Amino acid sequence: MLILPDLKSPSTRRASRRSAAIGFLGPIVGSLTVFASVMLAERIWLSSDFTTSFWSDLGYFLFFGWFVGFLPALVSAYVWFSVGCRLSHPLARTIAALIIGGISGAVLIWPVLLLFGHSFAPFSAFSFLGGVGGAVALAATALPWSDH
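Just so you know, we're using the working numbering here: the sequence shown kicks off at 25 and counts up by one.
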């Protein structure tokens, strides 16, 4: 017998809105996090063409980053609602969100990049950036510190 959730329940509506935020806004938050990390690491603002390349670079990061981050965001949302949001303490939920988002961001960016045709070998800096972006994105969209 298949048991379906009560779609009129406030908790079900809240969970569906939250999963939509994780799936669609999470990749944007992750892309902005990776963009800010790259800007800080490369000190892009010191280059002479910073003002002209900033908006095109930001657009590239947001466009490409959303597609790369969509699969990790979906998996993060699934794992979050299966495990993470069931924790009772806000600190435990926050740590779980950071771990779930970090692992999915660091690992699941590679299959998507292969779909785009990139044939480069995984390197630790890119996985690290994907993990940081995924952790920040899930924490920012799942709001683990808030009450259910």
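By construction, the Cβ of each residue, glycine as well, lies at the ideal position given by its N, Cα and C atoms.
Since the structure is predicted, the reported quantities are computational estimates derived from the model, not experimental observations.
Review point. Are at least three pairs of beta-carbons, each pair with one atom in the segment 43 to 53 and one in the segment 74 to 82, less than 8 Å apart?
Key: no
**Study point:** Terminal residues of the alpha helix (DSSP H) in which F59 lies
**Key:** Where F59 is concerned, the enclosing alpha helix (DSSP H) stretches over G50 to E66.
Exercise for review: Please confirm if F85 has its CB atom under 7 Å from at least one CB of chain C.
Suggested key: Here chain C cannot be found, since the structure has a single protein chain.
**Study point:** Top-ranked residue by Cα proximity to A101, from A65, I133 and A161
**Key:** A161
Review point. Mind checking F88: buried by the 16 CB within 10 Å criterion, or exposed?
Key: Residue environment analysis places F88 among the exposed positions, since fewer than 16 neighbouring C-beta atoms fall within 10 angstroms of its C-beta.
**Study point:** Residue closest to A130, alpha-carbon to alpha-carbon, out of A149, W104, L98 and G154
**Key:** Answer by Cα proximity: G154.
Practice item. In angstroms with no decimal places, state the Cα-to-Cα distance between M63 and Y84. Key: Cα atoms of M63 and Y84: separation of roughly 14 Å, rounded to the nearest angstrom.
**Study point:** Start-to-end residues for the alpha helix (DSSP H) that takes in G157
**Key:** Where G157 is concerned, the enclosing alpha helix (DSSP H) stretches over S148 to A166.
Check your understanding: Taking C-beta to C-beta, are L122 and A97 nearer than 7 Å?
Key -> Pairing L122 with A97 gives a Cβ-Cβ distance that is not under 7 Å.
Check your understanding: Would you call A120 buried or exposed, if buried means 16 or more other Cβ atoms sit within 10 Å of its Cβ?
Key -> buried
Exercise for review: Indicate whether G158 and S128 have their beta-carbon atoms separated by less than 7 Å.
Suggested key: yes
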